[in-house]
Amino acid sequence: MKRIILLSLLYTLHHNIFAQVNPLSDPDNQGGWILNKWASDEFNGEELNKGKWWVLGENNDYRAKWKGRAPGQFAGHNVRVENGELILTSQWEPDFDYALETNNDCYYGGTTEGPDGSKPITQASVMSETFFRYGYMEIRCKAADGPVTSAFWTTGYHGEIDMIENYGRRPVGNPENQPEDLERRYRTNLISWDPDKASDHKNWKVEDDMQVRMAEDYYVFGFEWDKEYMKTYFNGKLLRSVTKEELLAKDQWKYDYPHEIWLSSEVFYWYGLPSEVDFEKPLEFKVDYIRVWQKEETQSFFNAKGFEGPFHFQGRSVMWWNAPSHPWRIKNEKAAEGEFSLKFEKEGNFDGNYSIFSPFGSLDLPSGDNEVSFQIWLDEETEIDNIYLTLFNPRKSIRVSTEGIPKGEWVTVSQTFDRAEVSNPSLTEGDRIQLMLRSRDVKSDKALFYIDDIQFKNDNDEGPREYPYPDDDYEVDNGGEEPTGFVPSNHKLFNLYPNPVQNQLNIEGLGKGKVELFSSQGTLLYETEKTAENLIVSLDQYVNGMYFVLIRMEDLMYRYKVIKN
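End of the sequence shown = 594 in our numbering, gap-free, step of one.
Rendered as structure tokens:
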């Protein structure tokens, strides 16, 4: 009860240290930002929240994603949460069971010559289980102090945003003769994965020398992804800005579709491959927090059957997939509902069948009678007789006739069907959708059409999930104070030491005021008055873990994170 009363009082006084925090670049929230809880994490628990994140390589599961940049390979045991931080480790591990395959013509754990075990490097990566579209992303982190990257990035349909891709330290001996400022560079990239891009396409890549080594200390990196521009920030200050119009002029804008978050460390062979001597101790990429804000409303789940984003099922989010040679493309050119639809465009010789697939296990239909419908828009010069929709497990092929339907407008087509069993939920061979155009059904020299809003009359899909987790502990702006223990030197009135602490915490500083000790869950544990330059607070009676010290001086408030071990 005391905790509830305390937090209520703090809220009333506008000093609630556990309310939503605002971006460091916008402490007064003039932008009207709303925190997306699914995409944000303070990492204050005892382990990684597997409802928000998944670990690449855990139990040797990579979900058909990337295994890392060879010779380094992502390994699940290199991810941990400790003392209020997410820690991604890179290390030299000759006994690890490396995948017998190549990445960029290099074997994992080996070289381009073969899997000889000469570069046994394991690394780490985590990904979000949800996507989001547009927003302000902020991370407070310390790059790994070695010849590996520390990256915070996103991927979506045909696009990648590398908010940071910073390099810790050149390898011993500097084999590629890289300059010293490599270790000071704040690097940001926009990468196109568009299979239809020009052969001479160039991605947007920028670097800034921040005059401090990225692995020297914790820094706050911000990235604003708006529908009209991109902006980068360092410690809350605007660094760069580029407009959508500028990027479109060079075909560098692929960023209107939802994205998922990555955190990872990799080796960059062009900077020089590390050797065993570079791993005298494990290299740690430390993340204090990740926060994502959006405007007007937050969104983590999308209408995948309307092509607005990925499927979310069984706790994970996965996109539609098709081979690049099959000319299905998700576009925001024309839509019956929402902003996106599925486009098919091909001219000339038609040979074989052209398919696009939803993920295995993404469909949840009951047994018995059912009906599928979708909307289709046909170009005036397009003649096609049928679209086939195949359900995988139990298998059912459904022919939907498009012969003779009106052109140049959205038309709803449908077909009844029945299945004797419910959808199989297997993530490797379960129920999914295959949309297919057969060449024999194309009666014109070209085919141009759009599909949108697939619906099943009977569907067990329950829609967006409610956020099920307790709120993280946040700190709102109070008189210009920076978030989550990031305090500029001109605001650092107090010195708390040792930190981590075992028994007695010293609070040193000329300021006087009320001192309060809180648990990581917001419970007030101890309070006293600081009346002299030095104050000693005993932590003997408290268990090991994370605590917050709040120091109040008139209308100002200072907050510090303390670790007891």
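Here a beta-carbon is modelled for each residue, glycine too, at the ideal position from N, C-alpha and C.
A quick note: this is a predicted structure, and the numbers were derived from the prediction, not measured.
For this session: Below 6 Å CB to CB, which residues in the same chain sit around Glu-374 once its five sequence neighbours on both sides are set aside?
Result: In the sequence shown, the residue the question calls residue 374 occupies position 345. Taking C-beta separations shorter than 6 Å and ignoring five residues to either side along the sequence, the partners of Glu-374 in its chain run Pro-356 and Leu-477, following chain order.
Exercise. Asp-408 and Arg-169 look like a contact to me (Cβ under 8 Å); what is the Cβ gap, rounded to whole Å?
Worked result: On the sequence shown, position 379 is the one that residue 408 refers to. On the sequence shown, position 140 is the one that residue 169 refers to. In this structure Asp-408 is not in contact with Arg-169, their Cβ atoms being roughly 50 Å apart against a cut-off of 8 Å.
Exercise. When you compare only the Cα positions, how much space is there between Arg-461 and Leu-522?
Worked result: The residue given as residue 461 occupies position 432 in the sequence shown. The residue given as residue 522 occupies position 493 in the sequence shown. Each residue's alpha carbon lies about 59 Å from the other.
Exercise. Taking the alpha helix (DSSP H) that Leu-276 falls in, what are its first and last residues?
Worked result: To locate residue 276, count along the sequence shown from 1; it is residue 247. Residues 273 to 277.
Problem set entry | Length of the line joining the Cα atoms of Pro-353 and Pro-224 | Position 324 of the sequence shown holds residue 353. Position 195 of the sequence shown holds residue 224. Inter-residue distance for Pro-353 and Pro-224 is about 6 Å (C-alpha atoms, whole angstroms).
Problem set entry | Proximity of Leu-564 and Ile-592 at Cβ, strictly below 7 Å | Start at 1 with the first residue of the sequence shown, and residue 564 comes out as number 535. Start at 1 with the first residue of the sequence shown, and residue 592 comes out as number 563. Not in contact: Leu-564 and Ile-592 (Cβ atoms no closer than 7 Å).
Problem set entry | Residues near Leu-579 in its chain [Cβ-Cβ closer than 6 Å; skip 5 each side] | Here the question's residue 579 lines up with position 550 in the sequence shown. Cβ neighbours of Leu-579 beyond the five flanking positions: Glu-545 and Arg-588.
For this session: Could you check which residue in Gly-61, Thr-118, Arg-242 and Trp-95 has the C-alpha nearest to that of Ala-128?
Result: On the sequence shown, residue 128 is found 99 positions in, with the first residue counted as 1. Distances from the CA of Ala-128 to each of Gly-61, Thr-118, Arg-242 and Trp-95 were compared; the closest alpha carbon is that of Trp-95.
Exercise. In the structure shown, what three-state DSSP assignment does His-520 receive?
Worked result: Locating residue 520 in the sequence shown gives position 491, counting from the first residue. Interpretation of His-520 is limited by its pLDDT of 44, a score under 50 that renders its predicted location unreliable; no figure is taken from the coordinates.
For this session: In angstroms with no decimal places, state the Cα-to-Cα distance between Arg-448 and Asp-398.
Result: Position 419 of the sequence shown, counting from 1, holds the residue named residue 448. Position 369 of the sequence shown, counting from 1, holds the residue named residue 398. Spanning the two alpha carbons is a distance of roughly 7 Å.
Problem set entry | the stretch 86 to 106 contacting the stretch 66 to 73, beta-carbon criterion three pairs below 8 Å | Result no; under three Cβ-Cβ pairs closer than 8 Å.
Exercise. Residue range of the beta strand (DSSP E) that Glu-75 falls in?
Worked result: Your numbering for residue 75 matches position 46 in the sequence shown. For Glu-75, there is no enclosing beta strand (DSSP E), since its DSSP letter is neither H nor E.
Exercise. What's the gap between the Cα of Glu-158 and the Cα of Gly-113?
Worked result: Within the sequence shown, numbered from 1, the residue matching residue 158 stands at position 129. Within the sequence shown, numbered from 1, the residue matching residue 113 stands at position 84. If I take the Cα positions, the gap works out to 21 Å.
For this session: Buried or exposed for Gln-102, please, with buried defined as at least 16 other CB atoms from any protein chain shown within 10 angstroms of its CB.
Result: Position 73 of the sequence shown, counting from 1, holds the residue named residue 102. Flag for Gln-102 reads buried.
Problem set entry | Per-residue DSSP class, three states only, for Trp-282 | By one-based count along the sequence shown, residue 282 stands at place 253. The answer is coil: DSSP assigns Trp-282 none of H, G, I, E or B.
For this session: Could you check if Ala-333 is buried or exposed, using at least 16 other CB atoms within 10 Å of its CB as the buried criterion?
Result: The count along the sequence shown starts at 1 and reaches residue 333 at position 304. By the C-beta density criterion, Ala-333 is buried, having at least 16 other C-beta atoms within 10 angstroms.
Exercise. Among Lys-226, Asn-203 and Met-192, which residue has its Cα nearest to the Cα of Arg-214?
Worked result: Counted from its first residue, the sequence shown places residue 214 at position 185. When each option's Cα is compared against that of Arg-214, the closest is Met-192.
Exercise. Comparing alpha-carbon positions, which option in Phe-252, Thr-140 and Ala-104 lies nearest Leu-268?
Worked result: By 1-based counting over the sequence shown, the position of residue 268 is 239. Per the Cα distances, Phe-252.
For this session: Could you tell me how far apart the beta carbons of Asp-488 and Leu-394 are, in whole angstroms, since I believe they sit closer than 8 Å?
Result: Position 459 of the sequence shown, counted from the first residue, corresponds to residue 488. Position 365 of the sequence shown, counted from the first residue, corresponds to residue 394. Correct: roughly 6 Å between the Cβ atoms.
Problem set entry | Residue burial classification, Asn-519 (beta-carbon count within 10 angstroms, cutoff 16) | Here the question's residue 519 lines up with position 490 in the sequence shown. Summary for Asn-519: the model assigns pLDDT 36, below 50, so the residue's position carries little reliability; its value from the coordinates is reported in the next sentence. Classification for Asn-519: exposed.
Problem set entry | Lys-266 - partner residues in DSSP beta bridges | As a working note, residue 266 is residue 237 in the sequence shown. The partner list for Lys-266 (beta bridge, DSSP) reads Phe-263.
Exercise. Can you tell me the Cα-Cα spacing of Ser-396 and Glu-450, whole angstroms?
Worked result: Position 367 of the sequence shown, counted from the start, is the residue given in the question as residue 396. Position 421 of the sequence shown, counted from the start, is the residue given in the question as residue 450. Annotation: Ser-396 to Glu-450 spans about 5 Å, alpha carbon to alpha carbon.
Exercise. What did DSSP end up calling Gly-330 once you bin it into helix, strand or coil?
Worked result: Residue mapping note: residue 330 aligns to position 301 of the sequence shown, counting from 1. For the sequence presented, residue 330 should be read as Phe rather than Gly. Coil at Phe-330, not helix or strand.
For this session: Could you tell me if Leu-312 is buried or exposed, where buried requires 16 or more neighbouring beta carbons within 10 angstroms of its beta carbon?
Result: As a working note, residue 312 is residue 283 in the sequence shown. Around the C-beta of Leu-312, 16 or more other C-beta atoms lie within 10 Å, and the residue is accordingly described as buried.
For this session: Keeping to the same chain, check which residues put their C-beta closer than 8 Å to that of Thr-497; ignore five residues upstream and five downstream.
Result: Start at 1 with the first residue of the sequence shown, and residue 497 comes out as number 468. Rather than Thr, the amino acid found at residue 497 in this sequence is Pro. Hits under 8 Å: Gly-80.
For this session: Tell me Arg-581's beta-bridge partners as DSSP assigns them.
Result: Stepping through the sequence shown from its first residue, residue 581 is reached at position 552. Beta-bridge partners of Arg-581 (DSSP): Lys-543 and Met-586.
Exercise. Looking only at DSSP bridge pairs, what is Gln-102 linked to?
Worked result: The count along the sequence shown starts at 1 and reaches residue 102 at position 73. In the DSSP assignment, Gln-102 is bridged to Thr-151.
Exercise. Within the chosen definition, does the stretch 136 to 147 reach the stretch 173 to 190 through at least 3 CB pairs nearer than 8 Å?
Worked result: At 8 Å Cβ cutoff, the stretches do not touch.
Problem set entry | Reduced DSSP secondary structure (H/G/I, E/B, other) of Gly-397 | Translated into the one-based positions of the sequence shown, residue 397 becomes position 368. Of the three classes helix, strand and coil, the one that applies to Gly-397 here is strand, per DSSP.
For this session: In angstroms with no decimal places, state the Cα-to-Cα distance between Lys-425 and Lys-256.
Result: Taking the first residue of the sequence shown as 1, we reach residue 425 at position 396. Taking the first residue of the sequence shown as 1, we reach residue 256 at position 227. Their backbone Cα atoms lie some 40 Å apart in a straight line.
Exercise. Which residues bound the beta strand (DSSP E) around Val-306?
Worked result: In the sequence shown, counting from the first residue as 1, residue 306 sits at position 277. Looking at the DSSP string, Val-306 is not in any beta strand (DSSP E), and its letter there is neither H nor E.
Exercise. Roughly how many angstroms lie between the CA atoms of Gly-265 and Phe-379, to the nearest whole one?
Worked result: For the purposes of this step, residue 265 is taken as residue 236 along the sequence shown, with counting starting at 1. For the purposes of this step, residue 379 is taken as residue 350 along the sequence shown, with counting starting at 1. Here the alpha carbon of Gly-265 sits roughly 54 Å from the alpha carbon of Phe-379.
Problem set entry | Coarse secondary structure for Glu-212, derived from DSSP in three states | The residue you call residue 212 lines up with position 183 of the sequence shown. It is helical.
Problem set entry | Cβ-Cβ distance between Gly-185 and Pro-287 below 7 Å | Numbered from 1 along the sequence shown, position 156 holds the residue referred to as residue 185. Numbered from 1 along the sequence shown, position 258 holds the residue referred to as residue 287. Annotated as proximal: Gly-185 and Pro-287, with beta-carbon spacing under 7 Å.
For this session: Inspect the beta-carbon positions of Ser-455 and Tyr-262 and report whether they are closer than 7 Å.
Result: Position 426 of the sequence shown holds residue 455. Position 233 of the sequence shown holds residue 262. With contacts defined as CB atoms closer than 7 Å, Ser-455 and Tyr-262 fail to qualify as a contacting pair.
Problem set entry | Burial state of Tyr-526, where buried means 16 or more other Cβ atoms lie within 10 Å | Numbered from 1 along the sequence shown, position 497 holds the residue referred to as residue 526. Classification for Tyr-526: exposed.
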